[in-house]
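A short write-up of the structure that comes next.
Residue numbers (my numbering): 4 to 67.
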């Protein structure tokens with residue numbers, strides 16, 4: 004089973020199942036630095052559907 008990490012710079016997906024949680028990796032395509040998620044449920048899956056988070060989610064709202 005693969006764990007996919009999506010680059011925030013170019014949207015390229017990488018399989019990170021062999022990487023340690025918290026490990027910093029650099030996207031070979033756009034050089035963006037990424038951090039391997041600590042939990043599998045925080046990895047974005049290519050399911051095409053939204054799903055509920057399994058834990059607390061922090062949302063920053065812009066102040067007017």
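Virtual Cβ for every residue (Gly too), placed ideally from N, Cα, C. Keep in mind that this is a model prediction, so the values were computed, not measured.
Assuming residue i contacts residue j under a Cβ cut-off of 8 Å, what Cβ separation, rounded to an integer in Å, is found between them?
i, j, result
"residue 38", "residue 29", "The pair is not a contact, with the Cβ atoms about 11 Å apart (cut-off 8 Å)."
Among residues of its own chain, excluding the 5 on either side of residue i, which ones have a beta-carbon nearer than 7 Å to its beta-carbon?
i, result
"residue 12", "30, 33 and 35"
"residue 22", "28 and 39"
Using the DSSP secondary-structure output, state which residues sit across from residue i in a beta bridge.
i, result
"residue 9", "16"
"residue 38", "27"
Can you grab the Cα-Cα spacing for the pair residue i / residue j, in whole Å?
i, j, result
"residue 9", "residue 15", "6 Å"
"residue 41", "residue 24", "4 Å"
"residue 20", "residue 6", "5 Å"
The ligand SAM and residue i: does any heavy atom of the ligand fall closer than 7 Å to the residue's C-beta?
i, result
"residue 20", "Ligands displayed in this structure: none; no statement on the ligand SAM is therefore possible."
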